[in-house]
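> The sequence shown: position 44 = 64 (the working numbering), numbered continuously.
Where is the CB? At the ideal position from N, CA and C, for every residue including glycine.
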Amino acid sequence: MTTSGPSRPSSSSAWALWLLIIVLFSTLIAACVAALKYVTGTGVADAILFAGAAFGATAGLCFAGVGAVTALRD
Numbered sequence: 021m022t023t024s025g026p027s028r029p030s031s032s033s034a035w036a037l038w039l040l041i042i043v044l045f046s047t048l049i050a051a052c053v054a055a056l057k058y059v060t061g062t063g064v065a066d067a068i069l070f071a072g073a074a075f076g077a078t079a080g081l082c083f084a085g086v087g088a089v090t091a092l093r094d
């Protein structure tokens, strides 16, 4: 009887997990940026605009990082 090692998650479930982590991390960064911008006295519209930019930049960097690690592993 053979015993296999620890199984690795499938590619689609690993990608879904990475996507969830990236979205949650980007949302956290966007919320922090919005709070900091709002505390400085800017309006709500400007705080939302900066939060959206922070979300997009963070998500872009995370996706680039995951893509680079995937490419280097292959």
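Are the CB atoms of Ala50 and Ala71 within a distance shorter than 8 Å?
The sequence position of residue 71 within the sequence shown is 51, counting from 1. The sequence position of residue 50 within the sequence shown is 30, counting from 1. Result yes, Cβ atoms of Ala71 and Ala50 sit closer than 8 Å.
> Of all the CB atoms in chain C, is at least one closer than 8 Å to the CB of Lys57?
Included in the structure is just one protein chain, with no chain C present.
> Could you give the first and the last residue of the continuous alpha helix (DSSP H) run that contains Thr90?
Within the sequence shown, the letter at position 70 stands for residue 90. First-last of the alpha helix (DSSP H) with Thr90: 64–93.
> Below 8 Å, how does it come out for the region 69–84 and the region 27–47: are there three or more Cβ pairs, yes or no?
Enough Cβ pairs lie closer than 8 Å, so yes.
> Could you check the C-alpha separation between Thr62 and Cys52 for me, to the nearest Å?
As a first step, residue 62 must be located in the sequence shown, where it is residue number 42. As a first step, residue 52 must be located in the sequence shown, where it is residue number 32. Each residue's Cα considered, the two are about 14 Å apart.
> With Thr47 as the anchor, note down where its alpha helix (DSSP H) starts and where it stops.
Counted from its first residue, the sequence shown places residue 47 at position 27. Residues 31–59.
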